[in-house]
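Protein chains in written order, with the numbering used here: chain Y, 1 to 147; chain C, 1 to 479. Beta carbons: idealized from backbone N, C-alpha and C, even for Gly.
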């Protein structure tokens, strides 16, 4: 697999650990950057705050985005990404507990590329992580660099 | 006509001939009583003789209702003025007679008209009054309805009461008088009045100021007791208020439920995922250290976490059904059921189940909600036939009194009808989890869907002999 980064936006440390474990179980060795809320995610992508000086042209291959986040929530992160020419085309997979119609509608309306519900059954979770890795890191062809 | 002192007629004119119907020669020298109705003749003679004793002039109709008699015996009212005249032949009396039939008729007509108006006013169900406008104000006329309205013993009692006493609020009274004096009119002024017994009531008062020939101002008007109307207005307003409060409370409850569901959907599953996930990792990485018992314990932890996740999901579905707005569309139930069966077969391809769906069943309703109902009913039938090699699941319809009665029938485990009343309650289960897994929320959800469609649902079953669920869908009366 390529060495492109996965940006995991997840505030719950258990969920973050399980996601990392599931990726590992699937032998997905790409570097994973974990942002613990919306502010950190935006700082990483736009080279601000703790990530001042980061090359913002180096976009992750995919962003796995939780919706319920402290400070700036997932949908707001998505809205700001889509409003910025640098991140407008970044592949975003919403990875969340909820399957509320409202979340799905808003997520897709704001330009999410995919919506995956985190299963409680860890075996299913591992399978889902494997499929996500396979698809977004290997099969999917990313947009050309725009910046 | 001239009459002699002896009461005999000495002269008549042509008008007298015409009125009395006699020719002149028939009257001359006849006693005057000829022209008086027989019953009054004796009395008349006495009067005449009394008059002759002290004759004096008497004006027209001086207070007497006099009646004259024609030749044909008919009578007519007259007025007579008398003037005595002394002559050498004795006293002659000139009588000037006027026929007052026409005047009497007009008077009677006027009296009748007045009586009719009086009747009308007396019988009106609203109070009618006339009162003086100049101080001290007092009633001049009141009708019986007004007397009753103010709980007076009689019209006289009410007439003796100063109108000011009947107003509860002095300021309102002053304003009514001010308006009458400045504009001459008060129209349907709503106010609180007080009866002579001190009872307050809602009234509507109207009046128009006028002046009589002498220039004294008075008011003609009506007062209506509007307590009943006011009461129903207040009731309507109160009901409206209650309804608005309930609607607001319902809306708030719905919003809360939505917020609650949203939070449950996001937050309640996350810890379960940690419980299941880390148990799984333990099982993978520390299997040897755990031993058989440890692995068994952890498997139970995982099963419990997953069961709880299923419960949460089912409850969320139930909540979603409850707050969903119901649509009315034409739904192909047969096609919907076929989709459900395809899904069931996909999930458990090893199962052999004979599924029979009657073609062409359509209903008016909400396709999404009806899909939820069929998911559960067919899913149950599928589940409870799990131990049969010859499993049969049927979905069909029969005509009923109010439209089709649909049924989902299986030849599975069935249940004891003694517990049928628990069937549709949330979290109620008639089988142990080891027999058949489940959350006990499915049929509660189905019932909610059917009720939202204005339909009914019931079941027939026998232990070991399968179950049949019947339901109706009446989207026309859906609530």
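Does residue i pass the burial test, meaning 16 or more other C-beta atoms within 10 Å, or should it be called exposed?
{"i": "residue 163 of chain C", "result": "buried"}
{"i": "residue 365 of chain C", "result": "buried"}
{"i": "residue 47 of chain C", "result": "exposed"}
{"i": "residue 224 of chain C", "result": "buried"}
{"i": "residue 149 of chain C", "result": "buried"}
{"i": "residue 314 of chain C", "result": "buried"}
{"i": "residue 183 of chain C", "result": "exposed"}
{"i": "residue 449 of chain C", "result": "buried"}
{"i": "residue 193 of chain C", "result": "buried"}
{"i": "residue 153 of chain C", "result": "exposed"}
{"i": "residue 123 of chain C", "result": "exposed"}
Just to confirm my understanding: we take residue i, look at its own chain, exclude 5 residues before and 5 after, and list those with CB closer than 6 Å. What are they?
{"i": "residue 443 of chain C", "result": "423, 424"}
{"i": "residue 416 of chain C", "result": "463"}
{"i": "residue 456 of chain C", "result": "472"}
CA-CA distance, residue i and residue j?
{"i": "residue 44 of chain Y", "j": "residue 81 of chain Y", "result": "12 Å"}
{"i": "residue 393 of chain C", "j": "residue 468 of chain C", "result": "10 Å"}
{"i": "residue 94 of chain C", "j": "residue 1 of chain C", "result": "6 Å"}
{"i": "residue 15 of chain C", "j": "residue 214 of chain C", "result": "41 Å"}
{"i": "residue 138 of chain Y", "j": "residue 19 of chain Y", "result": "18 Å"}
{"i": "residue 132 of chain Y", "j": "residue 105 of chain Y", "result": "21 Å"}
{"i": "residue 279 of chain C", "j": "residue 95 of chain Y", "result": "21 Å"}
{"i": "residue 128 of chain Y", "j": "residue 145 of chain Y", "result": "28 Å"}
{"i": "residue 472 of chain C", "j": "residue 328 of chain C", "result": "15 Å"}
{"i": "residue 408 of chain C", "j": "residue 275 of chain C", "result": "38 Å"}
{"i": "residue 202 of chain C", "j": "residue 238 of chain C", "result": "18 Å"}
{"i": "residue 384 of chain C", "j": "residue 350 of chain C", "result": "15 Å"}
{"i": "residue 357 of chain C", "j": "residue 289 of chain C", "result": "53 Å"}
{"i": "residue 133 of chain C", "j": "residue 161 of chain C", "result": "15 Å"}
{"i": "residue 377 of chain C", "j": "residue 421 of chain C", "result": "17 Å"}
{"i": "residue 44 of chain C", "j": "residue 19 of chain C", "result": "20 Å"}
{"i": "residue 249 of chain C", "j": "residue 260 of chain C", "result": "16 Å"}
{"i": "residue 85 of chain C", "j": "residue 92 of chain C", "result": "5 Å"}
{"i": "residue 404 of chain C", "j": "residue 474 of chain C", "result": "9 Å"}
{"i": "residue 447 of chain C", "j": "residue 371 of chain C", "result": "13 Å"}
{"i": "residue 23 of chain Y", "j": "residue 414 of chain C", "result": "45 Å"}
{"i": "residue 185 of chain C", "j": "residue 169 of chain C", "result": "20 Å"}
{"i": "residue 88 of chain Y", "j": "residue 143 of chain Y", "result": "10 Å"}
{"i": "residue 178 of chain C", "j": "residue 156 of chain C", "result": "27 Å"}
{"i": "residue 4 of chain C", "j": "residue 25 of chain C", "result": "16 Å"}
{"i": "residue 74 of chain Y", "j": "residue 126 of chain Y", "result": "22 Å"}
{"i": "residue 116 of chain C", "j": "residue 110 of chain C", "result": "10 Å"}
{"i": "residue 244 of chain C", "j": "residue 30 of chain Y", "result": "59 Å"}
Among the options, which one has its Cα closest to the Cα of residue i?
{"i": "residue 135 of chain C", "options": "C:168, C:225, C:218", "result": "C:218"}
{"i": "residue 206 of chain C", "options": "C:378, C:190, C:198, C:376", "result": "C:190"}
{"i": "residue 212 of chain C", "options": "C:131, C:117, C:58", "result": "C:131"}
{"i": "residue 41 of chain C", "options": "C:57, C:66, C:22, C:21", "result": "C:66"}
{"i": "residue 128 of chain C", "options": "C:368, C:137, C:141", "result": "C:141"}
{"i": "residue 296 of chain C", "options": "C:309, C:83, C:282", "result": "C:282"}
{"i": "residue 266 of chain C", "options": "C:151, C:309, C:238", "result": "C:309"}
{"i": "residue 200 of chain C", "options": "C:227, C:176, C:243", "result": "C:227"}
{"i": "residue 62 of chain Y", "options": "Y:73, Y:4, Y:123, Y:72", "result": "Y:4"}
{"i": "residue 28 of chain C", "options": "C:19, C:12, C:161, C:39", "result": "C:12"}
{"i": "residue 379 of chain C", "options": "C:235, C:243, C:445", "result": "C:445"}
{"i": "residue 434 of chain C", "options": "C:357, C:105, C:303", "result": "C:303"}
{"i": "residue 198 of chain C", "options": "C:220, C:151, C:244, C:188", "result": "C:151"}
{"i": "residue 440 of chain C", "options": "C:426, C:240, C:432", "result": "C:426"}
{"i": "residue 22 of chain C", "options": "C:44, C:5, C:72, C:45", "result": "C:72"}
{"i": "residue 125 of chain C", "options": "C:452, C:320, C:222", "result": "C:222"}
{"i": "residue 122 of chain Y", "options": "C:236, C:454, C:271, C:465", "result": "C:271"}
{"i": "residue 38 of chain Y", "options": "Y:64, Y:136, Y:141", "result": "Y:64"}
{"i": "residue 141 of chain Y", "options": "Y:98, Y:124, Y:90", "result": "Y:90"}
{"i": "residue 480 of chain C", "options": "C:286, C:277, C:285, C:368", "result": "With chain C covering only 1 through 479, there is no way to say anything about residue 480 of chain C."}
{"i": "residue 67 of chain Y", "options": "Y:55, Y:50, Y:92", "result": "Y:92"}
{"i": "residue 70 of chain Y", "options": "Y:41, Y:112, Y:48, Y:83", "result": "Y:41"}
Leaving aside the five residues before and after residue i along the sequence, list all residues of the same chain whose C-beta is less than 7 Å from its C-beta, in chain order.
{"i": "residue 483 of chain C", "result": "Here chain C covers residues 1 to 479 and nothing more, so residue 483 of chain C does not appear."}
{"i": "residue 312 of chain C", "result": "264, 268, 269"}
{"i": "residue 173 of chain C", "result": "164, 167"}
{"i": "residue 31 of chain C", "result": "7, 8"}
{"i": "residue 160 of chain Y", "result": "The question about residue 160 of chain Y has no answer here: the residues shown for chain Y are numbered 1 through 147."}
Grab me the residues of residue i's own chain with a C-beta within less than 8 Å of its C-beta, minus the 5 sequence neighbours each way, in chain order.
{"i": "residue 332 of chain C", "result": "361, 362"}
{"i": "residue 110 of chain Y", "result": "75, 78, 79, 82"}
Taking Cβ positions only, does residue i come closer than 8 Å to chain A?
{"i": "residue 68 of chain Y", "result": "This model lacks chain A altogether, as its protein chains are Y and C."}
Touch test, the region 97-109 of chain C against the region 67-84 of chain C, Cβ-Cβ under 8 Å, three pairs minimum: Segment contact: the region 97-109 of chain C against the region 67-84 of chain C, three or more CB-CB distances shorter than 8 Å; contact assigned.
Three-pair Cβ contact test at 8 Å for the region 3-13 of chain Y versus the region 31-41 of chain Y: The region 3-13 of chain Y vs the region 31-41 of chain Y: in contact.
At least 3 beta-carbon pairs within less than 8 Å: the region 114-121 of chain Y vs the region 51-60 of chain C: Contact fails: fewer than three Cβ-Cβ distances are below 8 Å.
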